[in-house]
C-alpha cells in the first residue's frame with residue numbers, strides 16, 4: 037500500500053505540508069495550473085530551497101497582492117471550492133476540512149458554524165494551502181497517511197482576536213481524541229490549518245511504520261530555532277500481513293423512538309463531517325409498540341468521544357452502546373478514466389494478496405456533475421465509466437456501444453440532438 041508518513045518532529049502547518057510534498061517530487065507547474073482553476077485572485081505562490089540546521093527543504097509561500105477587506109463565512113469558501121476546476125475528490129475533502137474548522141471555531145466562540153467569520157483559516161493563504169495539499173496527494177496517488185503524535189509549542193501568538201495562548205484554542209479543539217506530545221519549543225508548532233489537515237487525512241497516529249522507503253521530502257517553516265523547523269514526509273510501500281487488509285473499528289449504536297425524523301439528515305451529516313466511516317439507520321419496533329430507529333455509526337477508535345458527543349447532543353438518545361469489531365477490507369485505489377462525457381474517478385477494490393480487481397465503482401459525484409453538464413441520465417455516465425474501467429482493469433476487451441438521447445436541463449437547450457457514442461478500448 038502506498039503510504040505517506042508525516043514525521044512532525046517540529047510540528048506541522050499548511051505551508052510546511054505543501055513544501056514537503058513539493059520537495060518529495062510533485063511538479064510545481066502542475067500545482068500552479070490546477071490552482072488557476074480556483075476562483076481566488078490577488079495572490080501568487082512560490083517555492084524555494086532553504087536550509088534549516090544543515091538540512092535542505094522546500095519553503096512554500098503564498099503572497100497576497102491586495103489585502104482582503106472582508107472575512108469569509110463557510111458558505112463563501114464552499115462556493116469557491118464548488119466553482120473550481122478541481123477533481124470531485126479534492127472538492128469533497130476540502131469542504132469536509134473547512135466544515136471541521138468551522139465547527140471548531142464555532143465551539144470556541146459560542147456560535148453556530150454558519151456564523152463563523154473565518155480569519156486566519158479563511159484567508160487566501162490557508163485556502164491555497166489546504167487545496168494545494170489535496171492536489172499534491174492526489175498527484176502522488178497516496179492510499180494511506182500515518183502521522184506521528186503532534187508536538188505542542190508554548191507561549192502566546194497574535195491573531196485577529198488579539199493575543200491568545202499556545203497551543204491556539206482552535207488547534208486544541210481540532211485535536212480532541214488525538215495524541216500530542218510535550219515540547220520545550222517556544223512558539224506555534226501546530227497551526228489550526230496543520231491540525232485540521234492531519235486529523236482529517238491521517239488514517240491513524242503512531243510511530244514510523246514498517247515500510248519500503250521510496251522518497252523523502254522536507255517542508256520548511258518560517259521559524260528558526262535549535263530544532264530544524266521542518267516537516268518530514270516519507271513515502272513508501274507498506275505490506276499487509278493478512279490476505280485482506282484489516283483494522284479495528286468501533287460500532288456506536290443508539291435506539292431512538294421519540295425524535296422528529298427531519299433531524300436525522302442533519303445528524304448524519306454532522307457525524308460524517310466529524311470522521312464517521314459509515315452511518316446507517318435501521319427501523320425497529322420498540323417498547324410500547326413504538327416505531328423507532330437504530331442509529332449505527334462506524335468509527336475509528338480515536339473519534340469515539342467526538343462522535344458519541346454529537347449523538348448525545350444532537351439526538352434525543354440518553355445513551356449509546358459501543359463495541360469493537362475487526363474489519364476485513366479490500367485494498368482501495370482511486371483511478372481516473374476517460375469517458376465521452378469527461379473524466380470520472382473510479383474506486384477499485386483489490387485483493388491485497390493477488391492484486392486482482394474484484395470490485396469497480398465509479399464515484400457518484402463525478403457522474404452526477406457530468407450528467408447535469410451534458411443533459412444525460414446519470415446512469416449513462418455511470419455505466420460508461422464502469423465499462424471503461426472494466427476494459428482497463430479486468431481485461432474486458434469488448435467494444436461498448438451506447439446510444440442515448442440528451443435531455444435538456446433547465447439552463448441548456450440541446451434542440452433534440454441525438455448523438456451516438458461509440459466507445460472502444
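Numbering (the numbering used here), first residue to last: 37 to 461. The beta-carbon is built from N, C-alpha and C at its ideal position, and this holds for glycine as well.
* Asked: Applying the criterion that 16 or more other CB atoms from any shown protein chain within 10 Å of the CB defines a buried residue, is residue 44 buried or exposed?
  -> Here the question's residue 44 lines up with position 8 in the chain shown. Its Cβ being crowded by 16 or more others within 10 Å, residue 44 is buried.
* Asked: Helix, strand or coil: which one does DSSP assign to residue 87?
  -> Within the chain shown, residue 87 is the residue found at index 51, counting from 1. If DSSP states are grouped into helix, strand and coil, residue 87 belongs with the strands.
* Can you give me the start and stop residues for the beta strand (DSSP E) that residue 420 sits inside? => Looking up residue 420 in the chain shown gives position 384. That residue, residue 420, is in no beta strand (DSSP E); its alpha helix (DSSP H) goes 414-429.
* Asked: Taking residue 338 as the reference, which of 180, 240, 85 and 307 has the closest Cα?
  -> What you label residue 338 is simply residue 302 of the chain shown in a count that begins at 1. When C-alpha distances from residue 338 are compared across 180, 240, 85 and 307, the shortest belongs to 240.
* **residue 76 to residue 148 span [Cα, whole Å]** => Here residue 76 corresponds to residue number 40 of the chain shown, with the count starting at 1. Here residue 148 corresponds to residue number 112 of the chain shown, with the count starting at 1. Each residue's Cα considered, the two are about 26 Å apart.
* Report yes if the C-beta distance between residue 179 and residue 369 is below 8 Å; otherwise report no. => Taking the chain shown and counting its residues from 1, the one referred to as residue 179 is at position 143. Taking the chain shown and counting its residues from 1, the one referred to as residue 369 is at position 333. Yes, the pair counts as a contact, with Cβ atoms nearer than the cut-off.
* Asked: Any beta-carbon of chain B closer than 8 Å to the one on residue 424?
  -> The structure shown has no chain B; it contains just one protein chain.
* Secondary structure of residue 322, DSSP reduced to three states -> Here residue 322 is taken as the residue at index 286 of the chain shown, counted from 1. Residue 322 falls in the coil class under three-state DSSP.
* Asked: Which residues in the same chain have their Cβ closer than 8 Å to the Cβ of residue 277, if we skip the five residues on either side of it in sequence?
  -> Taking the first residue of the chain shown as position 1, residue 277 is located at position 241. Because residue 277 carries a pLDDT of 49, less than 50, the predicted location of this residue cannot be relied on, and the following value inherits that uncertainty. Excluding sequence neighbours, residue 277 sits near nothing in its chain.
* Do residue 230 and residue 53 have their C-beta atoms within less than 8 Å of each other? -> Translated into positions along the chain shown, residue 230 becomes position 194. Translated into positions along the chain shown, residue 53 becomes position 17. It is a contact, given that the beta carbons lie within the stated cut-off.
* Express the C-alpha separation of residue 249 and residue 198 in angstroms, rounding to a whole number. => Counted from its first residue, the chain shown places residue 198 at position 162. Counted from its first residue, the chain shown places residue 249 at position 213. Going by the C-alpha atoms only, they are around 44 Å apart.
* Is residue 307 helix, strand or coil by DSSP? -> Reading the chain shown from its first residue, position 271 is the one you call residue 307. Residue state, collapsed to three classes: helix.
* By how many angstroms is the C-alpha of residue 164 removed from the C-alpha of residue 72? -> As a working note, residue 72 is residue 36 in the chain shown. As a working note, residue 164 is residue 128 in the chain shown. The alpha-carbon atoms of residue 72 and residue 164 are separated by roughly 11 Å.
* To do: Provide the residue(s) that pair with residue 286 in DSSP beta bridges, ordered along the chain.
  => One-based indexing of the chain shown puts residue 286 at position 250. Its beta-bridge partners are 335 and 360.
* Please state whether DSSP places residue 298 in a helix, a strand or coil. => By one-based count along the chain shown, residue 298 stands at place 262. Three-state result, residue 298: coil.
* Closest Cα partner of residue 314 within the set 303, 321 and 323 -> Walking along the chain shown from the start, residue 314 turns up at place 278. Of 303, 321 and 323, the residue nearest in Cα terms is 303.
* Just how far apart, CA to CA, sit residue 157 and residue 383? -> Sequence index remark: in the chain shown, residue 157 carries index 121 (1-based). Sequence index remark: in the chain shown, residue 383 carries index 347 (1-based). Note that residue 157 scores a pLDDT of 48, beneath 50, so its modelled location is shaky; the value from the coordinates is reported in the next line. So the alpha carbons of these two residues sit roughly 31 Å apart.
* Asked: Do the CB positions of residue 238 and residue 38 come within less than 8 Å of each other?
  -> Residue numbering aside, residue 238 sits at position 202 when the chain shown is read from its first letter. Residue numbering aside, residue 38 sits at position 2 when the chain shown is read from its first letter. Taking 8 Å as the Cβ cut-off, residue 238 and residue 38 do not qualify as a contacting pair.
* Cut-off 7 Å between Cβ atoms - residues of its own chain near residue 85, not counting five sequence neighbours on either side -> Against the chain shown, residue 85 aligns to sequence position 49. Cβ neighbours of residue 85 beyond the five flanking positions: 92 and 94.
* **Given residue 275 as reference, the closest of 429, 390 and 175 once Cα atoms are compared** => Mapped onto the chain shown, residue 275 falls at position 239. That would be 390, whose Cα lies nearest to the Cα of residue 275.
* Does the segment 405-422 come close enough to the segment 342-361 to have 3 or more Cβ pairs within less than 8 Å? -> No, the segment 405-422 is not in contact with the segment 342-361.
* To do: Label residue 323 either buried or exposed according to how many other C-beta atoms from any shown protein chain fall within 10 Å of its C-beta, with 16 as the threshold for buried.
  => Translated into positions along the chain shown, residue 323 becomes position 287. Counting every other CB atom within 10 Å of its CB across the protein chains shown gives residue 323 a total below 16, marking it as exposed.
* Asked: So, residue 251 versus residue 57, is the Cβ gap smaller than 8 Å?
  -> Within the chain shown, numbered from 1, the residue matching residue 251 stands at position 215. Within the chain shown, numbered from 1, the residue matching residue 57 stands at position 21. Not closer than 8 Å, so no.
* What residues are listed by DSSP as bridge partners for residue 214? -> On the chain shown, residue 214 is found 178 positions in, with the first residue counted as 1. Paired residues: none, contrary to the question.
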